[in-house]
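In UniProt numbering, the protein residues as written are 1 to 251. Glycine included, each C-beta is placed from N, C-alpha and C at the ideal position. Computed from a predicted structure; not experimentally measured. For reference, the structure discussed in these notes is given below.
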Ligand code: SAH
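Here you go:
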């Protein structure tokens, strides 16, 4: 069994809490206003639209229905929380479109109904923590890494109330993966680079999948799915997507 860090976990080499510089402050999303008791109905409507777009895996639809997306966005944007749109979350980053989150998690899980949950998942790009919360419903453990300290802290604040014991938030450069949680049944990236780093394929379990946006020769991003079977990698390139860039280092 591999060691599982506490919550939040710290990467080797990352400064201990006492040595940390003050983070660029991003206020946690405040309590929802304007949605009231209807949020379940609005969310069910969002899930219906996602199903109409072609996502059929019941595990994914149930997870999208369970997570209150409005708790991850600024109060000024709360009434857009269940629209199929990305929204700003501070520091120039965005919460991903719910339709794309659902599509990518469906790809990550593979054949519908194969298992109730998949094993350990690494998410690169925690942002506000929304996708990590969705993943916590479909994976045994979620390791989610963010390179911007302000967003890592914000995700921690956002997720606290959900008490998701299987989500481990990490501050660091996700291009290096997170060896302590490896091997992963799935690796999912919320930021697009020029290539999928070799550390990710190294940290992928046999039978596992990587789902990531990647910049293509035409400079547009497309979703890439990489599978590892008997040590061999195979890659499929799917539809075009628009994600923030994958960057190296921490800030
Ligand atoms: N998963 C989020 C989406 C966040 S946007 C959601 O649920 O909506 C993508 C995030 O990836 C940004 O916060 C950005 O800072 C982060 N990111 C970019 N490159 C990274 C890297 N190398 N390691 C970790 N995080 C990275």
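Linking residue 57 to residue 133 through their CA atoms gives a straight-line distance of about 17 Å.
In this structure the stretch 169 to 176 touches the stretch 144 to 151; the number of beta carbon pairs closer than 8 Å is three or more. The residues 176, 177, in chain order, have a CB closer than 6 Å to that of residue 199 in the same chain once the five nearest residues on each side in sequence are set aside.
Relative to the ligand SAH, the nearest heavy atom lies less than 6 Å away from the CB of residue 244. In the displayed model, residue 105 falls within a helix according to three-state DSSP. In the DSSP assignment, the residues bridged to residue 94 are 88. Of the candidates 106, 152, 197, 106 places its Cα closest to the Cα of residue 115. Within the same chain, 120, 166 come within 6 Å of residue 141 by CB-CB distance, once the 5 residues on both sides are set aside. If only uninterrupted alpha helix (DSSP H) runs of at least 4 residues are considered, those enclosed by the stretch 46 to 87 are 58 to 66. When the Cα atoms are used, residue 226 and residue 193 turn out to be separated by approximately 14 Å. Per DSSP, reduced to three states, the secondary structure at residue 242 is coil, with no helix or strand assignment. For the ligand SAH, no non-hydrogen atom lies closer than 6 Å to the CB of residue 143.
Leaving aside the five residues that flank residue 72 on each side, the residues in its chain whose CB is nearer than 7 Å to its CB run, in chain order, 29, 95, 128, 129, 130, 158.
Assigned with DSSP and collapsed to three states, residue 39 falls in helix.
For residue 150, the secondary structure class from DSSP, reduced to helix, strand or coil, is helix. For residue 206, the uninterrupted beta strand (DSSP E) run begins and ends at 204 to 215, by DSSP. Here residue 188 is buried, its C-beta having at least 16 other C-beta atoms within 10 Å. Secondary structure of residue 229 (DSSP, three-state): strand. Restricting attention to 184, 124, 59, 85, the CA atom closest to the CA of residue 249 is found in 124. Secondary structure note for residue 189: its beta strand (DSSP E) is the uninterrupted segment 184 to 189. When rounded, the separation of the alpha-carbon atoms in residue 104 and residue 93 is 19 Å.
In this model, residue 181 and residue 197 are separated by some 17 Å (Cα to Cα). Annotation: the continuous alpha helix (DSSP H) that includes residue 134 extends over 130 to 135.
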